[in-house]
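Peer 1: Counting from 8, one number per residue, gives the positions in the sequence shown under my numbering.
Beta carbons: idealized from backbone N, C-alpha and C, even for Gly.
Being a predicted model, the structure only gives us computed values, none of them experimental.
Take this structure, written in structure tokens, and hold onto it; I'll ask about it next.
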Amino acid sequence: MPLIRKTATAGALLAAAASVALLLTGCVAGESQAAPAATSQSSDEAVITKGGTLNIDFATYNPLSLIIKDQGWLEKALAKQDITVNWVQSAGSNKANEALRAGAIDVGSTAGSAALLARSNGSPIQVIDIFSQPEWSAIVVGKDSGITSVKDLKGKQVAATKGTDPYFFLLQALEKAGLSANDVTIQNLQHADGWAALQNGSVDAWAGLDPIMAGAEKSGAKLIYRNVDFNSYGFLDATESFIKDKPDVAQTVVNAYEHARAWALKNPAKTADILASVAGLDPSVATTVITERSNLDVANVPGSAQVKVLKKIGPVFVANGDVASQQQVDQALDSIVNPTFAKAADAKAIG
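Right, dumping it as structure tokens:
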């Protein structure tokens, strides 16, 4: 069992951090109609938010979010500021990015590659914490499939959720095998639908995502290609407007994440139980996801380690037309990281 990493102790509430926020446009049906939060500042410029709602996601690919929601830590921590916590489930990084861009959530869980794609295309988000370094993507085929390598995918139908790590995993895997996206037919299906399509024979392969992929493997599906280096980190993203207007709430969220990380490292079995319950998984499958394919004991401060991975993925965006130019990718790489809150994280401030 790895030793729990110590986190830095937070000082006074942070001053408003981040660059000038881009305007978010539009709203979505069902968006909270609660009165906007009020903020106050003392002489030392510390922001104190009063009232309003924190809209934050939870996702089965982000175990720390499930723990925080299950334990009710954010509700307790923000009660003294009269802030309501509204949890919204993200079915994939693409859905989290859609909600962030629309302003339906303030904080969301994505793969690093998906966050970079969104930022490159103008979404005003920044990564404020790293929740994991997972091996959550692989190329999957049915148990009776004759496909044994990525090269065998030429001319085949492959399910993948565009804008997510499995999609970019597929593109990188094809490139490594001397193929391109033009050599296969990619069916853009949400993760669970991709697995269903593989089962009913609508596709020949699936770019899978845990925990669904772990369940598929247990039922007999085969992971024909794995490469941990093609998986990007788990990013906790926030909108620039939220970072600017409510830095104290952003700090509380990151504090809760670091409290959850320490809890998860001490309680892997309980963490797997929570995942199994939320995702409807067999406990043994959930245990595999937590203990074998989710590295939670990773440095939480976003920075050079993540940018190094994203620099490899960025040109793939441009080559496949997901981003118009490398200049947009480079600008996103220069502005996507906001380490302020992670550096000041105080796990002991929660609970």
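Out of K273, A86, N62 and G227, which has the shortest C-alpha to C-alpha gap to D151?
Peer 2: Residue mapping note: residue 151 aligns to position 144 of the sequence shown, counting from 1. If we check each option's Cα against that of D151, G227 comes out closest.
Peer 1: Closest by CA to I219, which one among D113, V210, L205 and D211?
Peer 2: The residue given as residue 219 occupies position 212 in the sequence shown. Nearest of D113, V210, L205 and D211 to I219, Cα basis: L205.
Peer 1: Say whether the segment 132-149 touches the segment 344-352, bearing in mind that this needs 3 or more beta-carbon pairs closer than 8 angstroms, one atom from each stretch.
Peer 2: Result yes; three or more Cβ-Cβ pairs closer than 8 angstroms.
Peer 1: What residue range does the alpha helix (DSSP H) around F65 cover?
Peer 2: Here the question's residue 65 lines up with position 58 in the sequence shown. That residue, F65, is in no alpha helix (DSSP H); its beta strand (DSSP E) goes T60 to F65.
Peer 1: Compute the beta-carbon to beta-carbon distance between P141 and N238, rounded to the nearest angstrom, for a pair I have assumed lies under 8 angstroms.
Peer 2: Taking the sequence shown and counting its residues from 1, the one referred to as residue 141 is at position 134. Taking the sequence shown and counting its residues from 1, the one referred to as residue 238 is at position 231. Indeed, because the Cβ distance is near 6 angstroms, the residues count as touching under 8 angstroms.
Peer 1: Roughly how many whole angstroms lie between the Cα atoms of K229 and T56?
Peer 2: Residue numbering aside, residue 229 sits at position 222 when the sequence shown is read from its first letter. Residue numbering aside, residue 56 sits at position 49 when the sequence shown is read from its first letter. Each residue's alpha carbon lies about 50 angstroms from the other.
Peer 1: With DSSP collapsed to three states, give me the class of Y232.
Peer 2: Taking the first residue of the sequence shown as 1, we reach residue 232 at position 225. Strand at Y232.
Peer 1: Let's test the definition: count the other Cβ atoms within 10 Å of the Cβ of P309 and tell me whether it reaches 16, buried, or not, exposed.
Peer 2: As a position in the sequence shown, residue 309 is number 302, starting the count at 1. When all chains shown are included, P309 counts as buried.
Peer 1: Among Q88, A276 and D172, which has the Cα closest to the Cα of L317?
Peer 2: Sequence index remark: in the sequence shown, residue 317 carries index 310 (1-based). Nearest of Q88, A276 and D172 to L317, Cα basis: D172.
Peer 1: Could you give the C-beta distance for L71 and R268, rounded to a whole number, given that I count them as a contact under 8 angstroms?
Peer 2: Working through the sequence shown from its first residue, we reach residue 71 at position 64. Working through the sequence shown from its first residue, we reach residue 268 at position 261. 6 angstroms between Cβ atoms; contact.
Peer 1: Please classify G37: does DSSP put it in a helix, a strand, or coil?
Peer 2: Counting from one through the sequence shown, the residue named residue 37 turns up at place 30. Note on G37: pLDDT 32, under 50, position unreliable in the model; the coordinate value appears next. Three-state result, G37: coil.
Peer 1: State buried or exposed for I137, treating a residue as buried only when at least 16 other CB atoms are found within 10 Å of its CB.
Peer 2: One-based indexing of the sequence shown puts residue 137 at position 130. Buried, since its Cβ has 16 or more Cβ neighbours within 10 Å.
Peer 1: Are the beta-carbon atoms belonging to A245 and V114 less than 9 angstroms from one another?
Peer 2: Your numbering for residue 245 matches position 238 in the sequence shown. Your numbering for residue 114 matches position 107 in the sequence shown. For A245 and V114, yes; Cβs fall inside 9 angstroms.
Peer 1: Using C-beta distances below 7 angstroms, list every residue in its chain close to L196, excluding the 5 sequence neighbours before and after it, in chain order.
Peer 2: Here residue 196 refers to the residue found at position 189 when the sequence shown is read from its first residue. Only A166, T168 and A204 meet the Cβ criterion.
Peer 1: Pull up the distance between the alpha-carbon of F175 and that of K87, whole angstroms please.
Peer 2: Numbered from 1 along the sequence shown, position 168 holds the residue referred to as residue 175. Numbered from 1 along the sequence shown, position 80 holds the residue referred to as residue 87. Going from the Cα of F175 to the Cα of K87 covers about 42 angstroms.
Peer 1: Can you give me the Cβ contacts of F242 inside the same chain, cut-off strictly under 6 angstroms, excluding the 5 residues immediately before and after it?
Peer 2: On the sequence shown, residue 242 is found 235 positions in, with the first residue counted as 1. Hits under 6 angstroms: T117, G119, A122 and V134.
Peer 1: Which residue marks the beginning of the beta strand (DSSP E) containing I146, and which one marks its end?
Peer 2: Residue 146 sits at position 139 when you count from the first residue of the sequence shown. First-last of the beta strand (DSSP E) with I146: S144 to V148.
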